[in-house]
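These notes are about the structure you will find just below.
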Amino acid sequence: MLVSPAALLHQAIPVRAKCGKPAGVSPESELAAADAVSLRIGDWYPIFNPKDTMYRFDETLLRMRYSLLELPDLGATSSLEEKYFEPVARLVHCILLSPDMEHGPLQASWANGPEGLWRSARIGFHVADPDSDMRAYRRNDHGLSQEPGSIEAGPLPSRVPAGTKMNSLVMDAIAQCRQTHAVVGIITDEIQTLILRPGYPGDTILAMQVHPTAEVSIRRLIAFFIYAETFQARLCTLDGYAPSLLWLGAQPARVPKPLPQLLLRRSHEEFDVYRMQRSRSAWGEYVIWSEIYTQEAELSGNAPWKFVPGTRLPCTQLRIFGEGGINKWKPEGRPFVPVPPDTEALVMRHFRPRDNDLHGFLTLGPTQDTSQLHHWFEITGTGSVGPEKYSQTFWGRFNGVGPLLFLKLFDERFFPLPADGWDPADPPHERFLDFNLAIDMIRREEAAYKRVEYLQGSLLPHCYGFHKACGWPVYGMLVEAISGPTLATYMRNNMKPQHEQLTDLITRLRHALRALRFAGIHQTDWHLDQILCPPNPDDPALAPDIVMIDFAFALQSWGDWEGCPLETRPRELEHALMAVGIDQEVLRSCWFPATEEEL
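For the sequence shown, position 154 matches number 154 in the numbering used here, and the numbering has no gaps at all.
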């Protein structure tokens, strides 16, 4: 029979036959005559509090109500392991614990007391491995089992004098808790349950509670303390949830879909982001998919960082946008406002010619490759490649001939996982805001190059189109190869450029930014590797030219939002320039305020 976790913890369990007179807690009137040192009992802070604002154990059980578990068929003679430990262990492993943590199994180490007076169980992680260095996971609980009727019902006495059986039992429990580093002790006769904190050596005042098992089951107590420990150690899959269950909409981890069905997917487009934001199991499926195909690419030799000069990358779709290709919406952009003459003169002062034959074939030719020989890109050099990258870059030539080109591939198998992961405390619509699709990134590139097409060959490289590779569906773009370092590299190699050169460079960089903003293009991830510095063709000794690249995260006004934000000095780019040693006074003198047309 399948039941909810709460029903499993509240299952009525037959107990063994009662023994004679209670031998544990005696009425306070009987204890008054005893001498020697006694233990004082305090209940100023509840040890077991399922409504605690930190843990909210009752709310957790409510959230897990659809995760069904097998209800065991038990009798009075069933073992303590079968009655109390094994059901809780199933609950912990199937629902509570995060599957990606190496926490080890929940274990119980059992032992018998002298003359069979009691049985003890040490419950926790790695309890059978005392040499384990996973100390964060070894906090555990300790339980002592007495004969039924050993613990008398009713409120606890204020003192437990030495020499009484109850004092001996409590001291045994404290000693075992301290020896095993247990954080709580549980003493039960299956009718009444006493719980205590072991305290510190020398303590004579103990925090203790007693609960009838008819009201608070032993399973519920064990599950609560295990949950509290896993919560603190961040092992719990339901860690950090918000108080509103309906608002959260979170789920515990589930078994993912069968791998054959999951592995039929070939891109991020086949994952439902809306569902991933609301279902932890859907997020887990994506993580499995990503890890499997990343490893498969590495083992098969198809990882980009294993490509060497001479490698040919076949192309199956020569043109993915435009007539006959992917007809997707793109930002229309606001009406163009002509840039000021001084800006146009500076950003377009040098023009690099375009290979019109190659451009016509790749941007105006057939969409699909129907030739018998097929087409390919032959690698001659490697740029930025590796795992955890949004793009893999190479230099080479189309079909091995023609001008040197720069290839940028968007391979989703190697995209970084969203930085925020799956945080139950976040509202669903705020999860995975950095989950990117390759098709979206290449559409932003295409929109930017199309928007400022008149700047290609001067401020931007010539674009030779957007394509799709054979085999695994990887989107790519081909642009003119620019011979020159990035601005970051240029500044490192020229630690103290002449003042005139530096002023000229920063002034033209500000005009380049103005030209982009007049077109309504807003770069959202500024870094100096997005700015190339080819040598000045008139005189290499002068300050280099400026070429802007990398628009995969660039937004446009009248498409992505209504207007670029007003920034008289774009902070990210300004801070990046100061980080490479550009004097702030130079920035102030060259970085003129934004005009209304840049909004």
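Every residue, glycine too, gets a C-beta built ideally from N, C-alpha and C. Predicted model, so just to flag it, every value in this text is computed and none were measured.
Can you tell me whether residue i is buried or exposed? The criterion is at least 16 other CB atoms within 10 Å of its CB, across all chains shown.
{"i": "Pro5", "result": "buried"}
{"i": "Gln456", "result": "buried"}
{"i": "Trp175", "result": "According to the sequence provided, residue 175 is Ala. The question's Trp does not apply to it. With fewer than 16 other Cβ atoms within 10 Å, it is exposed."}
{"i": "Gly563", "result": "Residue placement at Gly563 is poorly supported in this model, since its pLDDT is 47, which falls under 50; the coordinates still yield a value, given next. By the neighbour-count rule (16 or more Cβ atoms within 10 Å), Gly563 is not buried but exposed."}
{"i": "Tyr200", "result": "exposed"}
{"i": "Asn167", "result": "buried"}
{"i": "Asp189", "result": "buried"}
{"i": "Ala448", "result": "buried"}
{"i": "Gly185", "result": "buried"}
{"i": "Ala162", "result": "exposed"}
{"i": "Ala23", "result": "Residue confidence is low: Ala23 scores 40 on pLDDT, short of 50, so the model does not pin down where it sits. Its coordinate-derived value is still stated next. Counting Cβ neighbours within 10 Å, Ala23 comes out buried, since at least 16 surround it."}
{"i": "Arg138", "result": "In this prediction, Arg138 scores a pLDDT of 40, lower than 50, which makes its location untrustworthy; the coordinate-derived value is nonetheless stated afterwards. Classification of Arg138: buried, given that the 10 Å Cβ count is 16 or more."}
{"i": "Gln584", "result": "exposed"}
{"i": "Phe518", "result": "buried"}
{"i": "Tyr286", "result": "buried"}
{"i": "Arg431", "result": "buried"}
{"i": "Lys408", "result": "buried"}
{"i": "Leu91", "result": "buried"}
{"i": "Trp591", "result": "buried"}
{"i": "Thr77", "result": "exposed"}
{"i": "Ser557", "result": "buried"}
{"i": "Phe225", "result": "buried"}
{"i": "Thr213", "result": "buried"}
{"i": "Ser589", "result": "exposed"}
{"i": "Glu572", "result": "exposed"}
{"i": "Met491", "result": "buried"}
{"i": "Thr604", "result": "Here the chain has residues from 1 to 599 only, and residue 604 is not among them."}
{"i": "Arg451", "result": "buried"}
{"i": "Glu453", "result": "exposed"}
{"i": "Pro14", "result": "exposed"}
Which whole-angstrom value is the C-beta distance of residue i and residue j, which I expect to be below 8 Å?
{"i": "Ala602", "j": "Val308", "result": "Outside the displayed range of the chain (1 to 599) lies residue 602, so it cannot be described from this structure."}
{"i": "Val474", "j": "Phe410", "result": "7 Å"}
{"i": "Gly402", "j": "Leu358", "result": "5 Å"}
{"i": "His467", "j": "Cys315", "result": "5 Å"}
{"i": "Glu82", "j": "Leu2", "result": "Going by Cβ atoms, the distance from Glu82 to Leu2 rounds to 18 Å, so no, they are not a contact pair."}
{"i": "Pro387", "j": "Thr294", "result": "7 Å"}
{"i": "Thr60", "j": "Tyr274", "result": "Not really, about 26 Å apart at Cβ, beyond 8 Å."}
{"i": "Val385", "j": "Trp305", "result": "4 Å"}
{"i": "Arg413", "j": "Ala297", "result": "6 Å"}
{"i": "Glu574", "j": "Leu587", "result": "6 Å"}
Do residue i and residue j have their C-beta atoms within less than 8 Å of each other?
{"i": "Pro534", "j": "Asp550", "result": "no"}
{"i": "Glu269", "j": "Ile439", "result": "yes"}
{"i": "Thr311", "j": "His511", "result": "no"}
{"i": "Ile222", "j": "Val88", "result": "yes"}
{"i": "His522", "j": "Leu555", "result": "yes"}
{"i": "His10", "j": "Arg220", "result": "yes"}
{"i": "Leu362", "j": "Leu478", "result": "yes"}
{"i": "Ala481", "j": "Phe406", "result": "yes"}
{"i": "Leu532", "j": "Thr486", "result": "yes"}
{"i": "Gly383", "j": "Phe398", "result": "no"}
{"i": "Arg197", "j": "Trp422", "result": "no"}
{"i": "Tyr552", "j": "Ser391", "result": "First, the residue type needs correcting, since residue 552 is Ala and not Tyr in the sequence shown. Cβ atoms of Ala552 and Ser391: closer than 8 Å."}
{"i": "Val547", "j": "Leu460", "result": "yes"}
{"i": "Ser120", "j": "Ala111", "result": "yes"}
{"i": "Gln209", "j": "Phe48", "result": "yes"}
{"i": "Ser458", "j": "Phe336", "result": "no"}
{"i": "Leu313", "j": "Ala469", "result": "yes"}
{"i": "Ile506", "j": "Ile442", "result": "no"}
{"i": "Ile187", "j": "Leu169", "result": "yes"}
In the DSSP assignment, what residue or residues form a beta bridge with residue i?
{"i": "Pro201", "result": "According to DSSP, Pro201 bridges with nothing at all."}
{"i": "Cys315", "result": "His375, Ala469"}
{"i": "Trp110", "result": "Ala121"}
{"i": "Gly476", "result": "Leu409, His467"}
{"i": "Leu2", "result": "Glu70"}
{"i": "His211", "result": "Thr193"}
{"i": "Gln456", "result": "Leu460"}
{"i": "Thr486", "result": "Leu532"}
Is there at least one Cβ from chain C nearer than 8 Å to residue i's Cβ?
{"i": "Ala519", "result": "Annotation note: the requested chain C is absent from the structure, which comprises a single protein chain."}
query = What runs of the beta strand (DSSP E), each 3 residues or longer, lie entirely inside the region 368-428?
reply = 375-382, 392-398, 405-410
query = Can you list, in chain order, the stretches of the alpha helix (DSSP H) that have 4 or more residues and sit fully within the region 495-571?
reply = 499-518
request  = Quick one: which unbroken alpha helix (DSSP H) runs of 4-plus residues sit fully inside the region 425-453? Chain order, please.
outcome  = 438-451
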